[in-house]
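Chains as they are written, first to last, in my numbering: chain A, 1 to 207; chain B, 1 to 207. Virtual Cβ for every residue (Gly too), placed ideally from N, Cα, C. All figures in this text were calculated on a predicted structure; none of them were measured in a lab. Down below is the structure, laid out as structure tokens.
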DNA sequence: TCATATTATGAATGATTATTCATAATATGA
DNA sequence: TCATATTATGAATAATCATTCATAATATGA
């Protein structure tokens with residue numbers, strides 16, 4: 001899951017094993033953090049879930065916070081990347097938003113522990129770890145909305161900044177609430193967001 | 001602020017002072033919890049903000065969690081009460097929703113530290129303190145939406161349960177994001193929520 | 001196989017902080 | 001005013017972890 005190197009062949013058995021351990025720690029940590037949140041998760045819990053010792057974790061990571069940061073970085077980059085890949089040339093801004101929305105939902109569906117993590121990160125950014133750098137926008141819906149408005153594809157009635165913000169808020173609460181209801185409920189989320197946030201503001205194809 | 005007794009006249013000077021201390025602790029706690037969140041707030045911080053000793057707090061409250069719970073209870077009850085009071089007989093379900101929404105926003109505007117608190121409580125309900133009882137619905141938008149749909153006032157296109165959930169999510173993220181921009185921004189929130197969640201689904205007055 | 005190097009372990013350390021409680025300060029009222 | 005009762009204080013206690021590190025276990029390769 002966290003294997004994103006492509007030169008595995010070059011590595012010795014020991015090196016490969018070490019790499020695998022690192023990935024197992026991240027995997028375990030994502031589950032425990034995802035279930036209990038940052039504060040209530042102890043290194044002991046991560047070690048137990050990964051079936052290795054606490055000390056071992058420290059040969060791979062500087063500490064608890066470093067693991068957490070790496071997980072956030074991982075999910076943000078993954079969603080960002082998948083969204084970029086899903087967009088094909090010639091798509092209108094509004095089509096792009098729909099595709100990105102669907103892609104992001106699918107990614108979270110396959111990484112449910114990250115839902116809480118990502119949500120929690122929102123809090124953490126404002127104070128728990130002090131001020132931290134602004135992360136790269138996962139989908140940047142707000143710029144796309146702006147484009148859609150400029151092209152006349154979308155109603156300019158609502159400030160796109162706030163429109164995007166509301167989508168994020170609504171999307172999160174939906175994910176948190178129904179992610180446990182199975183795979184297909186993620187399709188429902190996409191559908192709901194579309195019905196509320198896009199369709200009503202979409203202008204009939206002009207000309 | 002937390003003074004909700006009406007028999008103050010019966011109390012001796014000492015009793016009144018004690019009551020005032022209790023309220024000052026709650027006031028201080030709401031500010032500190034609101035700024036730093038539950039985990040990062042220490043009893044020391046609350047004591048300093050309230051300008052009294054740590055030990056004193058324990059003559060009023062069982063502990064940190066008890067204070068926190070009382071604050072949540074306070075804001076939930078307050079919003080609930082004000083929303084009930086704002087509704088006048090004869091209002092349609094949709095009008096009721098609008099009034100409650102505006103009332104809730106005004107209440108949070110006057111109690112900004114509680115925004116974070118209430119938001120955080122959402123997390124806490126699922127695990128930080130273990131499973132806890134379900135709290136009384138502040139506004140119960142979902143039932144009102146159901147009524148509005150039944151009366152033909154509102155489109156039944158979207159499941160009212162999810163519709164209400166999305167409103168809550170969007171409302172929170174807006175409050176968290178723009179509450180620092182001053183008093184009038186709360187009006188903006190109400191307006192935004194109305195434009196996205198109500199207007200587009202409102203049926204033209206039939207007959 | 002054995003000496004040496006590498007790695008893994010989890011108990012010890014140190015820091016934090018909720019809670020308690022012995023002591024100090026204050027109030028009461030005779 | 002003084003003896004006694006009440007209240008306030010913040011240092012001591014206890015519990016919880018993140019992190020480190022001395023020791024044990026394992027791997028290496030001669």
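Same chain, Cβ closer than 6 Å to residue i, neighbours up to 5 away in sequence not counted
i             : result
residue 93/B  : 144, 147 and 148
residue 18/A  : none
residue 30/A  : 71 and 113
residue 189/B : 105 and 174
residue 172/B : 119
residue 194/A : none
residue 98/B  : none
residue 169/A : none
First through last residue of the alpha helix (DSSP H) which encompasses residue i
i             : result
residue 85/B  : 64-86
residue 105/B : 93-109
residue 146/A : 141-150
residue 185/B : 185-193
residue 177/B : 160-178
Buried versus exposed call for residue i [16 or more other C-beta atoms within 10 Å across all chains shown]
i             : result
residue 41/A  : buried
residue 160/A : buried
residue 90/B  : exposed
residue 100/B : buried
residue 103/A : buried
residue 180/B : exposed
residue 116/A : buried
residue 22/A  : buried
residue 66/B  : exposed
residue 58/B  : exposed
residue 269/B : Because chain B in this structure spans residues 1 to 207, residue 269/B falls outside the shown range and cannot be described.
residue 20/B  : exposed
residue 182/A : exposed
residue 121/B : buried
Same chain, Cβ closer than 7 Å to residue i, neighbours up to 5 away in sequence not counted
i             : result
residue 44/A  : 54
residue 28/A  : 46, 49 and 50
residue 64/A  : 43
residue 131/A : Unreliable placement is indicated for residue 131/A, whose pLDDT of 37 sits below 50; the coordinate value is still reported in the next sentence. Around residue 131/A: no qualifying Cβ.
residue 164/A : 141, 142 and 145
residue 167/B : 141, 193 and 197
Chain A contact for residue i (CB, 8 Å cutoff)
i             : result
residue 194/B : no
residue 46/B  : no
residue 101/B : no
residue 53/B  : no
residue 138/B : no
residue 173/B : yes
residue 29/B  : no
residue 153/B : no
residue 156/B : no
residue 90/B  : no
residue 113/B : no
residue 170/B : yes
residue 197/B : yes
residue 200/B : yes
is_contact[residue i, chain B] using C-beta, thresh 8 Å
i             : result
residue 227/A : In the structure displayed, chain A extends from 1 to 207; residue 227/A sits before or after that span and is not available.
residue 105/A : no
residue 63/A  : no
residue 166/A : yes
residue 177/A : yes
residue 34/A  : no
residue 182/A : no
residue 130/A : Reliability fails at residue 130/A, whose pLDDT of 37 lies under 50, so the model's placement of it is uncertain and the value that follows must be treated cautiously. With 8 Å as the cut-off, residue 130/A does not count as an interface residue toward chain B.
residue 39/A  : yes
Beta-carbon proximity list for residue i, same chain, < 8 Å, skipping 5 on both sides
i             : result
residue 202/B : 94, 153, 154 and 155
residue 138/A : 76, 79, 80, 83 and 104
residue 96/A  : 87 and 144
Closer than 7 Å: residue i CB and nearest the ligand MN heavy atom
i             : result
residue 144/A : You won't find the ligand MN in this model; it holds no ligand whatsoever.
What are the uninterrupted segments assigned as beta strand (DSSP E) that are 3 or more residues long and contained completely in the region 19-64 of chain A, given in chain order? Taken in chain order, no unbroken stretch of beta strand (DSSP E) lies wholly in the region 19-64 of chain A with a span of 3 residues or more.
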